[in-house]
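Numbering (this note's numbering), first residue to last: 4 to 387.
Ideal placement from N, C-alpha and C gives every residue a C-beta, glycine not left out.
One structure is given here, and the rest of the page talks about it.
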């Protein structure tokens, strides 16, 4: 019986079709930014779509950093300032390239922006609301003697930390573009929650509408910020299926474009970073802990990957308009950058094992990696 079973398994493996060009949906960003002393990474599972990416074979060519099992990683020094070409290949056991893409790794001068005073607004959902991404940015700029950075926003812990933002749990592009209420905050589910978009206002004789200038009047002395980052998409597409994902992204993109247009009316020279949607935790355990049977890790991973593809298709190449797609998706450790708990392996086991415990919200280490990506992009713009 065992021989029959083994023979059946081997036969099925032999009959698996070879990867065709394009099957892996590789989406390495065209350019990655880093600064001396700040680690940057390309996690292989984050930039291609495959349920068993850890079983694939990779080959990285780059004068900078090192290829490890699950990533290419580098923490450059001052002597590395400049551009480095990184080529990532997925290869066969015979080292034939199955898929290949190249990216420019730009190591930015750490003195970039010397003497500048900048203001930064971070817009997002619960990933921003956690205040860890913005907290990391505050810490990086405090250590950066060349740039004086001020965060603006109506949310965040602040209390003298300077950690401010516009991040609200569960929010979508549509809520930021359209949500209206007579009160800023209302009690919802036993908690005080933001009820209206901070960017939507009433005008006499008109329906409530986006008015970014009024937001700036209240929060930045009427002046436009130098930079805005937007990290949205999780709530817009979390529950999408193969049949509905394109429609969901269409709706998300329309509301996001409306928000960008409103920002542009009041802030024509502000540079806007659209942060690529970051991948979820690496294990289905995390989704069981957060959503029970409500969503699978693989379906959401497919949704997230498609969002990133569409982000590049829709907004890449608009740098002359001051719009940039920033590759936060490549730099997040989905194994060690998410929360874990120790639990019994089963009801009768004395042994405890580590299981991932949150599907889409990173641990502090993961949030800090997102903050690193933003900081390095900001430094690249200050150097330009």
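Quick check on this structure: which residue in the options has the alpha carbon closest to the alpha carbon of residue i?
| i | options | result |
| --- | --- | --- |
| residue 81 | 343, 37 and 233 | 37 |
| residue 244 | 297, 318, 129 and 259 | 297 |
| residue 215 | 354, 209, 228 and 208 | 228 |
| residue 342 | 349, 360 and 329 | 360 |
| residue 323 | 305, 274, 284 and 300 | 274 |
Suppose contacts are defined by Cβ-Cβ distances below 8 angstroms. Is residue i in contact with residue j by that definition?
| i | j | result |
| --- | --- | --- |
| residue 198 | residue 187 | yes |
| residue 219 | residue 203 | no |
| residue 45 | residue 378 | no |
| residue 233 | residue 278 | yes |
| residue 54 | residue 67 | no |
| residue 171 | residue 158 | yes |
| residue 145 | residue 156 | no |
| residue 106 | residue 34 | yes |
| residue 1 | residue 150 | Absent from the model: residue 1. The displayed extent of the chain is 4 to 387, so no value can be given. |
| residue 270 | residue 230 | no |
| residue 252 | residue 313 | yes |
| residue 128 | residue 237 | yes |
| residue 310 | residue 280 | yes |
| residue 142 | residue 153 | no |
| residue 308 | residue 52 | yes |
| residue 102 | residue 90 | no |
| residue 303 | residue 135 | no |
| residue 183 | residue 211 | yes |
Given a threshold of 16 other Cβ atoms within 10 Å of its Cβ, counted over all protein chains shown, does residue i qualify as buried or as exposed?
| i | result |
| --- | --- |
| residue 351 | exposed |
| residue 24 | Bear in mind that the predicted position of residue 24 carries a pLDDT of just 43, short of 50, making it too unreliable to give a figure here. |
| residue 382 | buried |
| residue 126 | buried |
| residue 369 | buried |
| residue 339 | exposed |
| residue 349 | exposed |
| residue 73 | buried |
| residue 139 | buried |
| residue 292 | buried |
| residue 376 | buried |
Any alpha helix (DSSP H) of 4 or more consecutive residues that is wholly inside the segment 272 to 358: 287 to 294 and 300 to 318
Residue ranges of each alpha helix (DSSP H) within the segment 109 to 186, 4 or longer: 129 to 132, 135 to 146 and 176 to 181
Alpha helix (DSSP H) segments (min. 4 residues) lying fully within the segment 71 to 110: none
contact_flag[the segment 329 to 340, the segment 352 to 368] where n(CB pairs < 8 angstroms) is 3 or more: yes
Segment contact, 8 angstroms Cβ cut-off, at least three pairs: the segment 104 to 114 with the segment 380 to 387: yes
4 or more residues per run - each alpha helix (DSSP H) lying fully within the segment 188 to 233: 215 to 222
Meets three-Cβ-pair contact criterion under 8 angstroms: the segment 301 to 319 and the segment 265 to 273: no
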